[in-house]
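Protein chains in written order, with full-length UniProt numbering: chain H, 1 to 207; chain Z, 1 to 207.
Every residue, glycine too, gets a C-beta built ideally from N, C-alpha and C.
A quick note: this is a predicted structure, and the numbers were derived from the prediction, not measured.
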DNA sequence: CGCTGCGCTAAGCGCTCGCTCACCGTCGGC
DNA sequence: GCCGACGGTGAGCGAGCGCTTAGCGCAGCG
């Protein structure tokens with residue numbers, strides 16, 4: 001988690017914490033399949049096939065198909081939260097920290113779009129306990145962004161009427177990048193990150 | 001479950017164009033089920049059950065489960081486009097028209113959240129021809145918003161660096177309301193619409 | 001060399017899916 | 001009062017699902 005991923009665009013090779021190798025290959029295959037077709041439309045045979053294994057191999061490393069989604073969602077949320085925390089705790093004014101948070105968060109949602117899609121849009125497919133665990137992480141994500149905005153307001157740097165509503169809107173804007181971003185489109189993840197950082201600074205009335 | 005959504009955004013009772021009555025009841029049931037569990041996780045038995053009919057009754061009115069989704073998506077996109085066109089073609093400056101477009105578009109996504117969820121997030125479940133038809137409607141949606149922003153820039157009313165990128169962001173912000181909005185939450189659709197209209201005016205640097 | 005443990009496969013179980021089909025009650029027209 | 005059309009049902013088909021199980025090949029080790 002603390003690896004060298006200051007990287008402007010492509011991040012360090014993900015999923016390296018997943019071992020053994022066969023379990024990681026299955027998980028990466030599941031991310032691709034879930035992102036492409038959705039959790040419910042993906043079959044265990046499809047996941048195993050993408051990983052070059054038989055359907056039964058999946059159940060050596062994971063108890064159920066849902067456990068795969070849970071692991072993906074957990075790791076993805078940890079990563080997203082890590083990105084935001086890093087930006088929130090750097091030095092500098094609230095404006096710089098918010099711009100940094102938004103641009104890196106957006107870069108992740110665009111650059112690792114397949115992962116982000118699964119993480120952000122397949123939450124309802126999890127069972128109650130797993131969903132509750134993930135929702136707790138999401139509240140922490142919200143708190144990080146709200147914290148920066150509150151700092152900016154307190155410092156007189158931002159002009160915001162509804163802090164919680166604006167926080168919601170900022171996060172919503174960033175998250176939805178995973179829905180529409182197209183790797184073959186005209187924009188790189190870095191460009192979208194820059195554009196969005198500018199838009200968000202306008203939204204909070206940064207001086 | 002189906003009640004309590006009495007057109008908070010001031011829209012007409014929807015689905016009235018769907019006849020006969022049994023076909024409409026099935027379609028409304030499908031909207032609810034798709035919005036709750038997703039297209040692929042919804043069974044034809046569930047849809048028919050919600051409409052108080054046997055599973056076979058569905059196939060008297062619709063050829064396949066996918067045709068149901070197609071009809072919902074088509075009608076929903078027509079409605080969304082209609083809302084934007086009405087706002088775009090009213091009288092007044094670009095700022096007023098943009099604020100009107102955003103607030104009514106957001107009101108629809110929040111107030112008719114179940115429909116909007118299906119319309120915006122189940123697009124990939126459609127076959128190639130149906131999806132192409134819907135994508136054409138979405139390009140028209142984009143054009144309406146871009147048109148207002150271009151007007152504002154031309155009139156010196158807005159300050160926008162990347163018109164297409166900002167259009168994308170504005171629409172993305174509005175659409176994602178359908179993902180997070182909660183009828184039992186602290187905000188009414190009207191309040192979110194107002195908040196978002198203000199945020200969007202800031203994004204375009206409205207004078 | 002034989003034994004053991006383990007990652008993996010081939011086959012398939014029980015179930016539920018989308019969808020079909022033979023049949024039925026109701027009702028307007030003659 | 002009978003008849004055909006139509007909207008509906010109950011039962012069930014073939015397919016494909018998530019997941020299980022019996023057994024295989026092979027590396028490590030005496």
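Indicate whether at least one CB of chain H lies closer than 7 Å to the CB of residue i.
i: residue 184 of chain Z; result: no
i: residue 100 of chain Z; result: no
i: residue 50 of chain Z; result: no
i: residue 165 of chain Z; result: yes
i: residue 199 of chain Z; result: yes
i: residue 1 of chain Z; result: The predicted position of residue 1 of chain Z is uncertain, since its pLDDT is 38 and thus under 50; a value taken from the coordinates is nonetheless stated next. No - not a single Cβ of chain H is within 7 Å of the one on residue 1 of chain Z.
Less than 7 Å between C-beta atoms, sequence neighbours within five positions excluded: which residues of the same chain meet that for residue i?
i: residue 197 of chain Z; result: 99, 102 and 103
i: residue 145 of chain H; result: 84, 101, 167, 170 and 171
i: residue 156 of chain H; result: none
i: residue 95 of chain Z; result: 152, 157, 201 and 206
i: residue 91 of chain Z; result: none
i: residue 55 of chain H; result: 44, 45 and 48
i: residue 142 of chain H; result: 167 and 171
i: residue 61 of chain Z; result: 22, 23 and 26
i: residue 120 of chain Z; result: 175 and 178
If I measure Cβ to Cβ from residue i and keep anything under 6 Å in the same chain, skipping five residues before and after, which residues do I get?
i: residue 139 of chain H; result: none
i: residue 65 of chain H; result: 44
i: residue 159 of chain Z; result: 205
i: residue 35 of chain Z; result: 114, 117 and 118
Who are the neighbours of residue i on chain Z, taking C-beta pairs under 8 Å?
i: residue 205 of chain H; result: 202
i: residue 169 of chain H; result: 173, 195, 196 and 199
i: residue 162 of chain H; result: 195
Consider the Cβ of residue i: report whether some Cβ of chain Z lies at a distance smaller than 7 Å.
i: residue 178 of chain H; result: no
i: residue 40 of chain H; result: yes
i: residue 172 of chain H; result: yes
i: residue 7 of chain H; result: With a pLDDT of only 36 at residue 7 of chain H, under the threshold of 50, the placement of this residue in the model should not be trusted; the figure read from the coordinates follows. Closer than 7 Å: no.
Going along the chain, which residues of its own chain have a beta-carbon closer than 8 Å to the beta-carbon of residue i, five neighbours each way excluded?
i: residue 1 of chain Z; result: The predicted position of residue 1 of chain Z is uncertain, since its pLDDT is 38 and thus under 50; a value taken from the coordinates is nonetheless stated next. Here the set comprises 32.
i: residue 93 of chain H; result: 152, 155 and 157
i: residue 147 of chain H; result: 88
i: residue 126 of chain H; result: 66, 69, 70, 73 and 134
i: residue 18 of chain Z; result: 24, 27, 71 and 75
i: residue 122 of chain H; result: 34, 38, 39, 69 and 73
i: residue 149 of chain Z; result: 94, 98, 158, 160, 163, 166, 167, 170 and 204
Run through chain Z and tell me which residues come within less than 9 Å of residue i, C-beta to C-beta.
i: residue 175 of chain H; result: 176, 179 and 180
Touching or not, the region 23 to 33 of chain Z and the region 48 to 57 of chain Z, by the rule of three or more beta carbon pairs under 8 Å? yes
Entirely enclosed beta strand (DSSP E) segments - the region 124 to 156 of chain H, minimum 3 residues: none
Kindly confirm or deny that the region 174 to 187 of chain H and the region 28 to 45 of chain Z touch, where touching means at least three C-beta pairs closer than 8 Å. Contact between the region 174 to 187 of chain H and the region 28 to 45 of chain Z is absent, because fewer than three Cβ pairs lie under 8 Å.
Could I get the ranges of all uninterrupted alpha helix (DSSP H) runs contained in the UniProt domain "HTH tetR-type" (20 to 80) of chain H, with 4 residues as the minimum, in chain order? 21 to 37, 44 to 50 and 58 to 61
At a cut of 8 Å, does the region 115 to 132 of chain Z reach the region 72 to 83 of chain Z through at least three beta carbon pairs? yes
Jot down the residue ranges of each uninterrupted alpha helix (DSSP H) in the region 174 to 204 of chain H, minimum 4 residues, whole runs only, in chain order. 177 to 180 and 189 to 203
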